[in-house]
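Participant: Position 96, counted from 1, in the sequence shown is what the working numbering calls 806; the numbers after and before it change by one each time, with no gaps. C-beta atoms are modelled at their ideal positions from N, C-alpha and C, and glycine is treated no differently. Just so it is clear, the structure is predicted and the values come from calculations on it, not from any experiment.
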Amino acid sequence: MLSIDRSIIDAIVAHARRDHPDEACGVVAGPVGSDTPTRHIPMENAARSMTFYEFDSMEQLRLWREMDDRDEEPVVIYHSHTATEAYPSRTDVSFAGEPGAHYLLVSTRESDTEEIRSFRIVDGVVTEEPVRIVDAAVDPHAVQSYMFGQSPATVDYECSGR
711 MLSIDRSIID AIVAHARRDH PDEACGVVAG PVGSDTPTRH IPMENAARSM
761 TFYEFDSMEQ LRLWREMDDR DEEPVVIYHS HTATEAYPSR TDVSFAGEPG
811 AHYLLVSTRE SDTEEIRSFR IVDGVVTEEP VRIVDAAVDP HAVQSYMFGQ
861 SPATVDYECS GR
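1. If you count every other CB in all the chains shown that lies within 10 Å of the CB of L771, and 16 or more means buried, which is it?
2. According to DSSP, simplified to helix, strand and coil, what is F765?
3. Within 8 Å, do at least three Cβ pairs link the segment 834-844 to the segment 762-770?
4. What residue from V832, R830, H791 has the CA that sits closest to D732's CA?
5. Take I718 and list the residues in its own chain whose beta-carbon comes closer than 7 Å to its own, dropping the five residues that flank it on each side.
6. Do V803 and E831 come within 8 Å of each other at the CB atom, strictly closer than that value?
7. Is DSSP giving R758 helix, strand or coil here?
8. Going by beta-carbon coordinates alone, are Y797 and R827 separated by less than 8 Å?
9. From this set, L815, S799, T801, E808, which residue's C-alpha is nearest E783's C-alpha?
10. With a 10 Å radius around its C-beta and 16 neighbouring C-beta atoms as the bar for buried, classify V723 as buried or exposed.
11. In angstroms with no decimal places, state the Cα-to-Cα distance between H730 and L815.
12. Nearest to E764 by alpha carbon, out of Y813, S713, M753?
13. Check whether the Cβ atoms of E824 and E795 sit closer than 8 Å, and answer yes or no.
14. Between which two residues does the alpha helix (DSSP H) holding M723 run?
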């Protein structure tokens, strides 16, 4: 089961809506061995595609080194689907290279609803898992959101109708 803070989910959904119609992608890091996602890192979709995502290789290398330095690992790897359900495509499955990660998908095909699903993908086998969204599971000051090469910006979270 993936347990994730509401503020991180809101940030992921906002990122997916902001990048629509292209797929959005990113990582949520957490302490090594904890399975606790605490630091949201939106990435650039180097493919700039409506049907495919790809991390920029230099950005990914920089992030993985930073996580190593901070004793973190990628707890969640996320991306959006812009016209289909939140389910891993064959390409998603073939590129899933972190067997310990939760693969979170957000569908932005409907502008007024959130479709969020999580999967484990190990050796080509996809297993859906429940997502438990919690409020303030961690110190709100410990949950951070980073954007490489960009100035921090205020994001309007008007995507869920709450």
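Facilitator: By the coordinates alone:
1. exposed
2. strand
3. no
4. H791
5. V738, P747, H750, V853
6. For the record, residue 831 in the displayed sequence is Ile; it is not Glu. Their beta carbons are under 8 Å apart, which means I831 touches V803 by this criterion.
7. coil
8. yes
9. E808
10. buried
11. 14 Å
12. M753
13. no
14. The question names Met, but residue 723 is Val in the sequence shown. Per DSSP, V723 belongs to the alpha helix (DSSP H) from 716-729.
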